[in-house]
Structures are given as structure tokens and as C-alpha cells.
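Undergrad:
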Amino acid sequence: MVTSSPILPPIAEKRPSKRVVHGIALQDDYAWLRADNWQDVLRDGSTLPADIKTHLEQENRYADAQLAEGEHLRAVLFEELKGRIKADDSSVPSPDGPFDYYSRFRQGGQHRLFCRRPRGGGEETLLLDGDALAKGKSFFAFGGFAPSPDHRLIAWSCDENGSEFHTIRLLDTSKGVMLTDNVPDTEGEAVWLADGSGFYYVRLDENHRASSVWLHLLATPAGTDRLIYEEADAGMFVGLSQTQSRRLAVIDIHDHETSEVRVIRLEDGDSRVHLIAARQEGVQYEIEHRPLPDGKDQLLILTNFDDAEDFRIMTAPLATPAQASSTQASWSDLIPHKPGRYILDIVLLADWLVRLEREDGLPRIVIRSLSSGEEHAIDFAEEAYSLALDGGMEFATDRIRFVYSSMTTPAETYDYDMRSRERVLRKRQEVPSGHDPALYVTRRVFAPTADGESVPISLLYRKETALDGSAPLLLYGYGAYGLSMPAQFSTNALSLVDRGFVYAIAHIRGGTEKGWRWYREGKLAKKPNTFQDFIAAGSYLAERGFTARKRIVAHGGSAGGMLMGAVANLAPDLFGAIVAEVPFVDVLTTMLDDSLPLTPPEWPEWGNPIEDEAAFRTILSYSPVDNVAARPYPPILALAGLTDPRVTYWEPAKWVARLREKNPQGNPVIFKVNMDSGHGGASGRFERLKEVALVQAFALQRMGAA
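Each number in our numbering comes from the position in the sequence shown (counting from 1) with 17 added on.
1. Could you give the C-beta distance for Asp156 and Glu140, rounded to a whole number, given that I count them as a contact under 8 Å?
2. Is Asn54 buried or exposed, if buried means 16 or more other CB atoms sit within 10 Å of its CB?
3. What is the DSSP secondary structure of Gly240, counted as helix, strand or coil?
4. Name the DSSP beta bridge partners of Trp173, please?
5. Which of the three DSSP states is assigned to Phe116 in this structure?
6. Using the DSSP secondary-structure output, state which residues sit across from Gly730 in a beta bridge.
7. Whole angstroms is fine: what's the gap from Pro427's alpha carbon to Arg133's?
8. Does the distance from the C-beta atom of Trp672 to that of Gly577 stay below 8 Å?
9. If I'm right that Gly160 touches Ser180 with Cβ under 8 Å, what's the distance once you round it to whole angstroms?
10. Grab the span of the alpha helix (DSSP H) containing Val724 for me, first residue to last.
11. CB-CB under 8 Å to Gly701, same chain, minus the five flanking residues each way: which ones, in chain order?
12. State the DSSP-derived secondary structure class of Phe715, mapped to helix, strand or coil.
13. With distances taken from CA atoms, which of Ala401, Gly527, Asp603, Gly486 is nearest Asp45?
14. Could you pull out every unbroken alpha helix (DSSP H) segment of at least 4 residues lying fully inside the segment 559 to 610, listed in chain order?
15. Using the C-alpha atoms, what's the distance from Ser423 back to Leu717?
16. Please state whether the Cβ-Cβ distance between Gly527 and Gly555 is less than 8 Å.
17. When DSSP labels each residue in this structure, what does Asn691 get in the three-state scheme?
18. CB Arg329 to CB Ile352, shorter than 8 Å?
19. Write down every uninterrupted run of the alpha helix (DSSP H) in the segment 36 to 85 whose length is 4 residues or greater and which is fully enclosed by it, in chain order.
20. Between which two residues does the alpha helix (DSSP H) holding Thr320 run?
21. Return yes when the C-beta of Leu144 is under 7 Å from any heavy atom of the ligand ZN, and no when it is not.
22. Determine the burial state of Gln625: buried for a count of at least 16 other Cβ atoms within 10 Å of its Cβ, exposed for fewer.
23. Name the DSSP beta bridge partners of Pro380, please?
24. Report the three-state DSSP secondary structure of Leu476 (helix, strand or coil).
25. Could you tell me the distance, in whole angstroms, from the CA atom of Pro110 to the CA atom of Tyr119?
26. For Arg289, tell me which candidate among Thr197, Gly593, Leu265 has the shortest Cα-Cα distance.
27. I'd like the list of long-range same chain contacts for Pro489, defined as Cβ closer than 6 Å, with 5 residues on each side in sequence excluded.
28. Do Gly573 and Gly494 have their C-beta atoms closer together than 8 Å?
29. Roughly how many angstroms lie between the CA atoms of Pro259 and Pro201, to the nearest whole one?
30. Inspect the CB distances between the segment 677 to 693 and the segment 96 to 109 and report whether three or more fall short of 8 Å.
31. Who pairs with Trp667 in a beta bridge, going by DSSP?
32. From which residue to which residue does the beta strand (DSSP E) around Ile24 run?
33. Between the C-alpha atoms of Ala211 and Gly193, what's the straight-line distance to the nearest angstrom?
34. What first and last residue would you give for the beta strand (DSSP E) that runs through Arg2?
35. Given that a residue counts as buried once 16 or more other Cβ atoms are within 10 Å of its Cβ, and exposed if not, what is Ser349?
36. DSSP three-state call for Val673: helix, strand or coil?
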């Protein structure tokens, strides 16, 4: 039984702000919640204006009062969730030259310890102690970790306030001390020059945009770093990596539908940047590098060029420094496009090409010998499962690593010898408190939609759970950016399932579970398909007895939080409660503000409402804040982080204010802001579990399953 809090919900002051866009009058009474100095707030939450801080603190007090009755349940859940995590867990070591690198946790530690030992065994060297580095800080998260070519130095980075402004630092491994080199305001990753005299990195500008690549030379001030490449188009992201061969630094310039690659030879002291192929709207490509026996260089290219919607793999010669950039005319097919077979990723090794692909909704790994062209696939038995591919840290190897799990099977890490075809289990995820897969059922069902599609749904429940409509169900969804939601093992889900819940993932349009078309059908003008798919999934599960209407807790975060806001407006009577974590709910206002970090790069996903009236009207039709009305909403829990650069805190703050304004006597709308974190929530593996426990306690209490 959930009782009301004696503390009244905060009512945000109305300060009307009006404008006309494409002939339509827009009024925003809560625009003042967006701090004018938001760039400063990202770096230092204490700079938040006093009136906004007061309002958010009132929201937190109200949230604490509303959630107080679940305090004991949260504590029980937290201990339960914590009990499923191995206290001194460690990763499988990855060989790299003379060392095996790995990370581990100390007993009860919150943060990773990065370590290495001589290859094949020997005494451990503790390189980075996350617990010590995080001591006294309200937030700490590691970013990149990159050993220098001679393994003498480690370039590593961290974020100390949740804003994702990473500072790169250098560790001298021989002395165990930090060098004076500190490079602030980076994306976090470093790519070393071949001689170890410096590294490339991506710098974030004052608006948190990754827009430029720089070279830092050792023992020099960051202020003297050399600009290598700057992207003029604010609508493009800039990323940096290196090829598996470690011969090339790769500058990846992209938005959500177009990409362009430039490379730098890491042995080139002049840092000359070479364009691979000029960007063409809608054409995506990424490259890997293969040194050939004759001394020449070949590129392998994963691309959708020439209408290869589900991607193909092509080859091309790597131009010499004196040559101009190549064009797609020089590319040749190696793995042709096959509609319905979506190639997700490739790993190129000295003698092997490995690809991760998905067909009929399930992933598989395919191995190709580069010398003979012979291929074979690694087989898996379960009906629905998750697969992740890791090429490791080395190039000249016959082994790859992959991680397999299903909703009932804990993660298993395998090393696979591509020559002998032998797989060796290196690690099985331990659940210290115990887990018996035989007690659970995992299924894949398909929900029909009004327009003739079928939405895959992955299900997990205990064998004894009655499928007669009485069970509560948590329905999770995302549906954006082409990201698929894997049917993987989750120790966290067990706390709900063991209390009678059915746990469901709706693989809705906007992801790529059914190929690139599935993504294309859930973006831009077709974005409403995402919401209708989620509603269709919930309705189907209720009709088939897995649950019942009003017995469904809808759950999503970030773009999935926008999904939560949309379905709350479209089908509030389907859900018994809604949880929206860092929800992107003020879509129209954000997409009209090109000063925000992610707005221009996001236009290919949502549309540009500034220049395109049709896009404006489409976004206006579903933007959650703009479609709140006087209707009976279910109880809602919204979570946010003050220094979140991806979904700013004021989006859920405005949404909650509108919900309360339109429904002053409605179900509770609870808004909790972590004043010390960003998009990913609290830092530290156990602190994050407290937020999971909060969400689960809310779901259990609202469904009467506590």
C-alpha cells in the first residue's frame, strides 16, 4: 500500500516566455529553469543560480518524502543486488607485448584497479587505484586507458563531476608516479605516436562539442598542444581511435547518417592528415588497416555505400602520403551486401577478418581466413541471446575473445582459436548469492502492429509465474540511434522476477534488431512508430496473459526516457507506473536551440525544426513536454543528473512542472535530481545500485508486489 506524502509537491513558478516558429505560437512558462550559465554548471554544479537550486532542492525533499515508505525495501534490494556482484571481481587479462593487462576490484571497493603482470604469469603491478583516486570526491569515473608503445607510460583519463569533460594524465610505470602532463577538456581517449613521444586526443569546446583533434608532446604544457584537425560543421561529431594494426590514427567525423574518415600514420612525425573518401550525405563508412606482405597497405571498409542498407565489407588501397584522397570508385566488394543480414562490427587481424552480424534478430560471429577466403561461424544453442566481440589488444594473433549470455545464462567469456576452432572458457560470471538458470524461462515473442510489422519482445520470468494476467510486468524500451537492446543476463532484473514480475524488453523501431530498415522506420518523420511499437508490445503482453493493463511498469532512459514521456501522453491507461531516467522530454525546445552540445548533430535523428517546417510539426506532435494535457497519468518517477551534458536537468524539471500544472490532483509525479552526477548516474559500482534499488522499490510498491 502506497500512502501520500504530507509534503506537498513543489509548484514551479510560471515565468512566461513566448515566441513564434513557423507561424505557430509557443509558450514556455518554465524556460527559466534552464540556467543561462549552463556551461559553467556542467563544470561546477555549485554555480547553479540560487532560484533554480532552491527549486531542485524542493523537488528532492518532496521525492524523499514520497519514497520514504520504501526505504526499508530499498535497503533490502540494495543488499540483494550487491550480493549478486562478486566483491573482488576481475576482468580476463588481455595480452599486449610483454604484459597481460586487466582490471579488478578490491573486496568491497567501488572503483576499478588497473593492473598488469608479466605475460604468462608473475607479480602484479597495480597501475591505477580507482578507490584512492576517487577518495574525497563526490563523483569519479575512469575514461580511457592506453599504454605507450614501449609500455613505459600509461595515458589515462577521468571525469570528476559527471559532465564528461575528461582530463588525460600520464603514469610513469617504472616509478609509479604521475607526470606533470595534464590535458583537460578532452573526450578521454589517447592515441600514441609510434615512438611514444606524444599522443593525439579529441578536445571538447566550451559547448561540450567534440570538434577538434590535437597533438600533445610529452613534458609540454597543454596550452602549447598543436591543432591537427578541426571540424567546421557543428552538426558532426569528431572521434579518435587507432587501427588494430596500430599503424594509423583514425579521425572519424560523423553524424547519425553520414561519415568521413581521415587517418594519420603514427610513425609520421609531421602528423599529416589523409582523407580516405569525402563525405556524401547518407553514406557511412569505417575503416581497418591491413599491411600486405609486399609492403603495401590495404583498407577494409565497413559501409552502406551504394544502397547497402545492412552494410557490406569492401577493400581499397591506402593512398600514399603524396596521393590525393581516394573515392568510393576505388572500393571493391569483399563481403557483398545481403538484405536482412546486418553487419554490426568487424575486427581485422593479421591473418583473419572477424565480423559480428545479426540476421533474423540473432547475432553471430563469422570468421574469414584472409589467405584462403574460407569462412566459418561460431554456433550458439539458445533461442535468444546476447553476443559481444572483443578483438583484444594485439594484431598478430589467432585468437579472439567474445562474451555470450542470455537472459537466464550469466555472461561467459571465451577465447576462440580461429585456426583450431577451439573455444576456451576464460570466465563465467559469478553470482555469489546463487543463481539457478533452471528456475527461469526466457522467451522471444512478437507483437503485431497496426501497420503490419511485428515487434520482437524478449521475456524473462520464473517458471512458477502464472501467465493468467495477474503478474506485474516491467517493460523496458529505448528505440533510437540504431542501438539494439541485447537479450543479455542481468543480475538486477532477478530482484523483480523473483518477486513475481515478468521482465520484458521491447525491441522497437529505432533500434537495429531487425536490420537498418528497423532503425530507419523509427526516426525523423517516422519517429512515432517507436511509440506505437512500445504500446503495441504492452497491449500484446496484456492480451496474452503475461500481464494485464495497469499492471505494466514502463521503463526507459535518455532517448528511452523520451519514449516514456510520449507513451504517457498517448496511452496513460495502459501503464500502472512509469520510470523515466535522464529523460529527453523537451525535444522541440532542445532541437530549436543550436547552442546546445548535441543539437546540430542530432538533427539527422529527429529533424531540424529550425529550417524544416514539416520536421517542426512532427516533433511538436510528440514532444512530451509540449503534449502534456489534463488526463489521468499513472504515477511517474523521473531521475536526472545536474551535470548531465547529454540530457540537461531542466528537461525533466520542465516536464514534471507541466504534469503537475495540468493534473494538480493526479497521481504523484516524483522528480529526483542527483546534484553530484551526470548522465550515467552515481559513480561507483555500489552507489549506482542504490539508484537501481530506488527504481525497483518504486515499481514493486506501485504494483503491490513489495
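Note that CB positions come from ideal geometry on N, CA and C, so glycine has one too.
Small disclaimer: the values here were computed from a predicted structure and weren't measured.
TA: Taking the definition as stated:
1. Start at 1 with the first residue of the sequence shown, and residue 156 comes out as number 139. Start at 1 with the first residue of the sequence shown, and residue 140 comes out as number 123. Checking the sequence shown, residue 156 turns out to be Phe, not Asp. Actually they do not touch by this definition, with Cβ atoms about 33 Å apart.
2. Here residue 54 refers to the residue found at position 37 when the sequence shown is read from its first residue. Exposed, by the Cβ-count rule.
3. Along the sequence shown, read from residue 1 onward, the residue named residue 240 stands at position 223. Helix at Gly240.
4. As a position in the sequence shown, residue 173 is number 156, starting the count at 1. In DSSP, Trp173 forms a bridge with Phe162, Arg186.
5. Counting from 1 along the sequence shown, the entry for residue 116 is found at position 99. DSSP places Phe116 within a strand segment (E or B) once states are collapsed to three.
6. This structure cannot speak to residue 730, because the chain is shown only from 18 to 723.
7. Here residue 427 refers to the residue found at position 410 of the sequence shown. Here residue 133 refers to the residue found at position 116 of the sequence shown. Approximately 26 Å, taken between the alpha carbons.
8. Within the sequence shown, the letter at position 655 stands for residue 672. Within the sequence shown, the letter at position 560 stands for residue 577. Not closer than 8 Å, so no.
9. As a working note, residue 160 is residue 143 in the sequence shown. As a working note, residue 180 is residue 163 in the sequence shown. That belief does not hold up - the Cβ atoms of Gly160 and Ser180 are roughly 12 Å apart, past 8 Å.
10. Missing from the structure shown is residue 724; the chain here goes from 18 to 723 and no further.
11. Taking the first residue of the sequence shown as 1, we reach residue 701 at position 684. Within the same chain, Gly701 has close Cβ partners Gln127, His128, Ala151, Phe157.
12. As a first step, residue 715 must be located in the sequence shown, where it is residue number 698. Assignment of Phe715 by DSSP, reduced to helix, strand and coil, places it in the helix class.
13. Start at 1 with the first residue of the sequence shown, and residue 45 comes out as number 28. The residue with the shortest Cα to Cα distance from Asp45 is Asp603.
14. Within the segment 559 to 610, the complete alpha helix (DSSP H) runs of at least 4 residues fall at 576 to 587, 604 to 608.
15. Position 700 of the sequence shown, counting from 1, holds the residue named residue 717. Position 406 of the sequence shown, counting from 1, holds the residue named residue 423. The C-alpha of Ser423 is placed about 24 Å away from the C-alpha of Leu717.
16. Sequence index remark: in the sequence shown, residue 527 carries index 510 (1-based). Sequence index remark: in the sequence shown, residue 555 carries index 538 (1-based). No; because the gap between Cβ atoms is not below 8 Å, this pair is not in contact.
17. Position 674 of the sequence shown, counting from 1, holds the residue named residue 691. Residue state, collapsed to three classes: strand.
18. Mapped onto the sequence shown, residue 329 falls at position 312. Mapped onto the sequence shown, residue 352 falls at position 335. Yes, they are a contact pair.
19. The DSSP assignment places 55 to 60, 67 to 84 as complete runs of the alpha helix (DSSP H) inside the segment 36 to 85, in order along the chain (cut-off: 4 residues).
20. Counting from one through the sequence shown, the residue named residue 320 turns up at place 303. Counting along the chain, Thr320 sits inside no alpha helix (DSSP H); it lies in the beta strand (DSSP E) bounded by residues 314 to 320.
21. In terms of ligand content, the structure shown is empty, and the ligand ZN therefore cannot be addressed.
22. Position 608 of the sequence shown holds residue 625. Per the sequence presented here, residue 625 reads as Asn, with Gln not at that position. Under this definition Asn625 is a buried residue.
23. For this step, residue 380 is matched to residue 363 along the sequence shown. Per DSSP, Arg375.
24. Mapped onto the sequence shown, residue 476 falls at position 459. In the structure shown, Leu476 sits in a strand (DSSP, three-state: E or B).
25. Counting from 1 along the sequence shown, the entry for residue 110 is found at position 93. Counting from 1 along the sequence shown, the entry for residue 119 is found at position 102. The straight-line gap from Cα to Cα measures roughly 5 Å.
26. Taking the first residue of the sequence shown as position 1, residue 289 is located at position 272. Taking only the C-alpha atoms, the option nearest Arg289 is Leu265.
27. Numbered from its first residue, the sequence shown carries residue 489 at position 472. Result list for Pro489: Phe518, Arg568, Met720, Ala722, in chain order.
28. Start at 1 with the first residue of the sequence shown, and residue 573 comes out as number 556. Start at 1 with the first residue of the sequence shown, and residue 494 comes out as number 477. Against a cut-off of 8 Å, the Cβ pair of Gly494 and Gly573 comes out as a contact.
29. Mapped onto the sequence shown, residue 259 falls at position 242. Mapped onto the sequence shown, residue 201 falls at position 184. Before going further, note that residue 259 is Gln rather than Pro in the sequence given. Near 21 Å, if we compare the C-alpha coordinates of Pro201 and Gln259.
30. Counting Cβ pairs under 8 Å, fewer than three are found: no touch.
31. For the purposes of this step, residue 667 is taken as residue 650 along the sequence shown, with counting starting at 1. Trp667 is not bridged to any residue.
32. Position 7 of the sequence shown, counted from the first residue, corresponds to residue 24. Where Ile24 is concerned, there is no enclosing beta strand (DSSP E), given that its DSSP letter is neither H nor E.
33. Translated into the one-based positions of the sequence shown, residue 211 becomes position 194. Translated into the one-based positions of the sequence shown, residue 193 becomes position 176. Distance from the CA atom of Ala211 to the CA atom of Gly193, rounded to whole angstroms, is 23 Å.
34. Within the shown structure, residues of the chain are numbered from 18 to 723, placing residue 2 beyond reach of any answer.
35. Residue 349 sits at position 332 when you count from the first residue of the sequence shown. It counts as exposed.
36. Within the sequence shown, numbered from 1, the residue matching residue 673 stands at position 656. Val673 sits in a helix when the DSSP states are folded into three classes.
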